[in-house]
Amino acid sequence: MTDAELMDAFADGESDALGEIISRYKTPLFNYLLRITGNADVAEDLFQDVFVKIVRSPKAYGERFKFSAWLFTVAHHAAMDYFRRGSAQKTVALDGDAENQGLAERLVSGEPGPDQAVQNLELKRRIEKALALLSGEQREVFYLRHYSGLSFKEIAVLLKIPLGTALARMSRAAAVLRRELGDKELSA
Amino acid sequence: MTCEESEKTILYFYGELDGAAKDLARSHISACSSCSAQLAVLAEACRYLKEARMEPGLSLTEKTLELALNARPRGFFEVLAFDWRQTIEAVAFTVIVAAGFASMENKNAVWKSDIENRLDAMEYGIYQLQSDNTSMWQADFNHRYSDLESGITNEANWQANLTNSGEEV
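So the sequences go chain by chain: A and B. Per my numbering, residue 1 is the first one in the first sequence, and the count goes up by one each step. Per my numbering, residue 1001 is the first one in the second sequence, and the count goes up by one each step.
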């Protein structure tokens, strides 16, 4: 069933349809919220908030939008509300500090092994560090494009910015990554 | 240095170009070191994000489903059907409270009649007191009136006697 059919079924009282929707989007949505907030606990809370808001008006998105566009619009607003509430101060930085193992380290860490594996691990750390250097606006566009699967045009509508602005932010994000990673690293 | 065509390269990388635009972009990238490096960076970053993604636990999915289902707006009969336990508890509570009021009504009747009896007694007492006072006052008045009347009578008799004695002389 398509997302729209599942939501229609849920609106008609089929609870299983919602379970199917959650299963479909749990990984990309959770990881988007995780990357944007930098905190797994906050990402879990926002994840739940998003679906609670979705079910309160299951037909709110109407036929104008894709369900995924609506889902990530709600998620984006939830993340922005979280930052606006000032709760972001409590967020553990993605790259962590001396006392806490950062989320980045958890994402990157693996068992030491052959040189190739160590080299890959080092590259992953550099990528993680480069991602941490993206500005908030660049991060928004970059992670939305990666996790939501929405086109840049749809992302521009979601963020209420011109398409050119969305592409420009993405271009600058790519430039930051390229500067941090260097051309030689990737060609090795 | 970023190429002027970098945004088109990004659209090409994410598959958002087709037809002639796609062919043009492909041709440009093959000839532009900046755009090809940008493509490589994006490819590496996306590959990394796929590998590093975290899978939300089953508990999060189940908890989210439960929260979302409870948050769903429901119709009246659906509420009764879904929350049957709560419905039974609500009905039982209503019955208990109603029974309590009913029993209190009887107690109220007894209590009320007791108060009324006392009020009646008090009212009767006041009436009695008023009556007694009235009687006493009346008796007092009568007594004084009869004294006065006696006095007047005696005075009249004395005047009469005086007149008579004056005529005899």
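Think of the CB as a built atom: it goes at the ideal place given N, C-alpha and C, for glycine as much as any other residue.
Please list, in chain order, all residues of the same chain as residue 1043 of chain B whose beta carbon is under 7 Å from its beta carbon, the five residues on each side excluded. Reading the second sequence from its first residue, position 43 is the one you call residue 1043 of chain B. Closer than 7 Å at Cβ, skipping near neighbours: no residue.
Cβ neighbours of residue 165 of chain A in the same chain (closer than 6 Å, five flanking residues each side left out): Counted from its first residue, the first sequence places residue 165 of chain A at position 165. No residues qualify anywhere along the chain.
Cα-Cα, which of A/39, A/84, A/21, A/34 is closest to residue 71 of chain A? Within the first sequence, the letter at position 71 stands for residue 71 of chain A. Selected option, being the one with the closest Cα: A/21.
Decide if residue 38 of chain A is buried, meaning its Cβ has at least 16 other Cβ atoms within 10 Å, or exposed. Here residue 38 of chain A is taken as the residue at index 38 of the first sequence, counted from 1. Buried is the call here.
Inter-residue Cα distance where the pair is residue 1026 of chain B and residue 1012 of chain B: Here residue 1026 of chain B refers to the residue found at position 26 of the second sequence. Here residue 1012 of chain B refers to the residue found at position 12 of the second sequence. For residue 1026 of chain B and residue 1012 of chain B, the gap between their C-alpha atoms comes out near 8 Å.
Distance, Cα to Cα, residue 179 of chain A vs residue 139 of chain A? As a first step, residue 179 of chain A must be located in the first sequence, where it is residue number 179. As a first step, residue 139 of chain A must be located in the first sequence, where it is residue number 139. Distance between the alpha carbons of residue 179 of chain A and residue 139 of chain A: 16 Å.
Under 8 Å Cβ-Cβ, which residues of chain B neighbour residue 66 of chain A? If you number the first sequence from 1, residue 66 of chain A lands on position 66. Simply none; closest approach about 15 Å.
I'd like to know if residue 1069 of chain B contacts chain A, where contact means its C-beta is closer than 8 Å to some C-beta of that chain. Translated into the one-based positions of the second sequence, residue 1069 of chain B becomes position 69. Yes, because at least one Cβ of chain A sits closer than 8 Å to the Cβ of residue 1069 of chain B.
Could you list the residues in the segment 42-57 of chain A with a C-beta less than 8 Å from some C-beta on chain B, going in chain order? For chain B, the residues of the segment 42-57 of chain A that bring a beta carbon within less than 8 Å of one of its beta carbons are 44, 47, 48, 51, 52, 54, 55, 56, in chain order.
Under the rule that 16 or more other beta-carbon atoms within 10 Å means buried, what is residue 48 of chain A, buried or exposed? Looking up residue 48 of chain A in the first sequence gives position 48. That one is buried.
What residue range is occupied by the uninterrupted alpha helix (DSSP H) comprising residue 137 of chain A? Taking the first residue of the first sequence as 1, we reach residue 137 of chain A at position 137. Counting along the chain, the alpha helix (DSSP H) containing residue 137 of chain A begins and ends at 136-148.
Return no unless some Cβ of chain A is closer than 8 Å to the Cβ of residue 1027 of chain B. Within the second sequence, numbered from 1, the residue matching residue 1027 of chain B stands at position 27. It does not; no Cβ of chain A falls within 8 Å.
By Cβ distance below 7 Å, which residues in the same chain neighbour residue 31 of chain A in space, the five residues on each side in sequence not counted? Reading the first sequence from its first residue, position 31 is the one you call residue 31 of chain A. Only residues of its own chain outside the window of five on either side were considered, and among them 147 have a CB closer than 7 Å to the CB of residue 31 of chain A, listed in chain order.
Three or more C-beta pairs below 8 Å linking the segment 1063-1074 of chain B and the segment 7-23 of chain A: yes
What is the residue span of the alpha helix (DSSP H) that residue 1026 of chain B lies within? The residue labelled residue 1026 of chain B in the question sits at position 26 within the second sequence. 1019-1031 is the span of the alpha helix (DSSP H), which, as asked, contains residue 1026 of chain B.
Taking Cβ positions, are residue 173 of chain A and residue 141 of chain A nearer each other than 8 Å? Your numbering for residue 173 of chain A matches position 173 in the first sequence. Your numbering for residue 141 of chain A matches position 141 in the first sequence. Going by C-beta atoms, residue 173 of chain A is nearer than 8 Å to residue 141 of chain A.
For chain B, find out if any of its Cβ atoms is closer than 8 Å to the Cβ of residue 161 of chain A; answer yes or no. As a first step, residue 161 of chain A must be located in the first sequence, where it is residue number 161. Closer than 8 Å: no.
Counted within 10 angstroms of its Cβ, other Cβ atoms place residue 130 of chain A as buried (16 or more) or exposed: Along the first sequence, read from residue 1 onward, the residue named residue 130 of chain A stands at position 130. So residue 130 of chain A counts as buried.
Min CB distance residue 1022 of chain B to chain A below 8 Å: In the second sequence, residue 1022 of chain B corresponds to position 22, counting from 1. No, residue 1022 of chain B does not count as interfacial toward chain A.
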